[in-house]
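Numbering (this note's numbering), first residue to last: -19 to 490.
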């Protein structure tokens, strides 16, 4: 007899309502009750940049560490379906489930001046009742709640159900250090003095953060951001999508709680790089075109799922690509003025596939060496192709890790959020990228500067060190997540803590 029909009738009626509205899957509950596996819940805040690493973390816990997991997804996109998420994630394991929480609507409370961080905080807040109800409906409640760093308000739900609280930082450890040290700096550093003098931010044990690289929400003294820093420090553990060979100095400082200011009960676990695996079934026009190109001869150009350029910058980039005389694939979006993150929460982006915003004759002149793709391309599959020799990127952290994992050097072009810090990590701390001295989106990077960066990363002798360093880190990344590697072992510790916690809870209730 199915587990579902053993549930009392009055509860079953309520669960059937949830099932029909959320496409809630009960297979995970059946599996847990029949196998005794430890169960954890994960929460992904809105945006593909947060969802993808959370999905990969869930898959890693299940496939490598014997944990069952349910991933709750916060979204404002009512058209997004559970089947779409399962397709994107490639989830096939019975011990892993995805629950799409009811879409939240904050449209009446936001306008063009409402920042991305504030919007995410509002969406997570609105989703908390649905998250609470979903966990309450579970016959076997999770032993731990793992939230991404922009969903720390969900810790209140973990506390209600006496669950372990973990936070998953989906970006680099340097940004984590700034975030958890932020509340201390807020008390110590005068805002006006910092803005007027533009002095670097000093974090004990870490590289200083230059004023021009500093996260905008820190400069604005954003209350949501500083609250997030405080809440992260209350976690039972902090998981970060990085690895020791990538950020040794910062991770060493984060492990010394006296330096950065973490609460003693918040150990940091570098568990990366967690990136989406290659989907072998994706063999469309782009990959067939790549098959015909020489090894490491093609520059891939993409600004992620949310990045957009101005009309003038789009034209300069087109001329830079053409003048570089290098092969390229360019995932292009219609230009948007004064908003470099115009498509962050829009799954379909801006609708214009006519490419009439590109320079006249550009497509004809570059058709032999270039391929222009409107809006989307299979990035993971492209970066893993042997014909790719460089990546011009907005340096979102997921994209950066995908590039490193595939040994592809980068041209970093930060647009929004913490991407300026990412760019500094990649170009200066690690040495796997080059960047323009002109910081977009404050100004327009000219075609000559773009062509020079492309040639440097693709063919010039000056770029040899960058190309060699990223290939070395590729092997380090593979080793870190392999059985017995540093990231594998770090996640194993978290899994073991959850298993011990489940045994203790069962002993109390048994």
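Glycine included, each C-beta is placed from N, C-alpha and C at the ideal position. It should be emphasised that the depicted structure is a prediction, and the values quoted were computed from it without experimental measurement.
Sequence-distant residues of its chain with Cβ nearer than 6 Å to residue 190 (five each side left out) | 180
Inter-residue Cα distance where the pair is residue 397 and residue 406 = 16 Å
Given residue 267, which residues of its chain have a CB within under 8 Å of its CB, disregarding the five upstream and five downstream residues?
-> 358, 361, 362 and 365
Can you tell me the Cα-Cα spacing of residue 202 and residue 130, whole angstroms?
-> 13 Å
Once you ignore the five residues that flank residue 251 on each side, which residues in its own chain have a CB closer than 6 Å to its CB?
-> 219, 467, 470 and 471
Who are the near neighbours of residue 339 in its chain, counting only those whose CB is closer than 7 Å to its CB and skipping five residues on each side?
-> 295, 298 and 299
Work out the CA separation of residue 436 and residue 442 for me, nearest whole Å.
-> 6 Å
Of the choices 232, 257, 280 and 226, whose alpha-carbon is the least far from that of residue 454?
-> 226
Can you tell which of 347, 306, 368 and 343 has the C-alpha that lies nearest to the C-alpha of residue 275?
-> 368
Distance, residue 484 Cα to residue 391 Cα = 50 Å
Closest to residue 460 by CA distance: which of 80, 222 and 230 is it?
-> 222
CA-to-CA distance, residue 116 to residue 24, given in whole angstroms = 19 Å
Taking DSSP as the reference, what is the three-state secondary structure of residue 108?
-> helix
In three-state terms, what does DSSP make of residue 75?
-> coil
State the DSSP-derived secondary structure class of residue 263, mapped to helix, strand or coil.
-> coil
Buried/exposed call for residue 1, threshold 16 Cβ in 10 Å | Note that residue 1 has pLDDT 38, beneath the 50 cutoff, so the model's placement of it is unreliable and the number below is only indicative. With fewer than 16 other Cβ atoms within 10 Å, it is exposed.
Distance, Cα to Cα, residue 132 vs residue 125?
-> 10 Å
C-beta contact flag for residue 52 and residue 84 at 8 Å | no
Cβ of residue 204 within 8 Å of Cβ of residue 98?
-> yes
Quick one: using the 10 Å Cβ neighbour count with 16 as the cut-off for buried, is residue 386 buried or exposed?
-> buried
Given a cut-off of 8 Å, decide if residue 303 and residue 427 are closer than it, judged by their beta-carbon atoms.
-> yes
CA-to-CA distance, residue 381 to residue 76, given in whole angstroms = 24 Å
Answer with buried or exposed for residue 4, where buried requires no fewer than 16 other C-beta atoms within 10 angstroms of its C-beta.
-> Summary for residue 4: the model assigns pLDDT 44, below 50, so the residue's position carries little reliability, and this model does not support an answer.
Whole-angstrom distance between residue 477 and residue 487, CA atom to CA atom | 15 Å
N- and C-terminal bounds of the alpha helix (DSSP H) containing residue 534 | The chain is shown only over -19 to 490; residue 534 falls outside these bounds and no answer can be derived.
Going straight from the alpha carbon of residue 316 to that of residue 341, what length do you get?
-> 22 Å
Please state whether DSSP places residue 195 in a helix, a strand or coil.
-> coil
Would you identify the three-state DSSP class for residue 126, choosing helix, strand or coil?
-> strand
Straight-line CA distance for residue 447 to residue 185?
-> 28 Å
Leaving out five residues before and five after residue 157 in sequence, what residues of the same chain have Cβ atoms less than 7 Å from its Cβ?
-> 183, 186, 230, 233, 234 and 240
Note down, in chain order, each residue of its chain lying with its Cβ closer than 7 Å to the Cβ of residue 473, except the 5 sequence neighbours on either side.
-> 249
From residue 279 to residue 400, what distance separates their C-alpha atoms?
-> 21 Å
From the DSSP output, in three-state form, read off residue 449 for me.
-> helix
Find out if the Cβ-Cβ distance for the pair residue 376, residue 284 is shorter than 8 Å.
-> yes
Pull up the distance between the alpha-carbon of residue 311 and that of residue 175, whole angstroms please.
-> 36 Å
With DSSP as the reference, label residue 377 as helix, strand or coil.
-> helix
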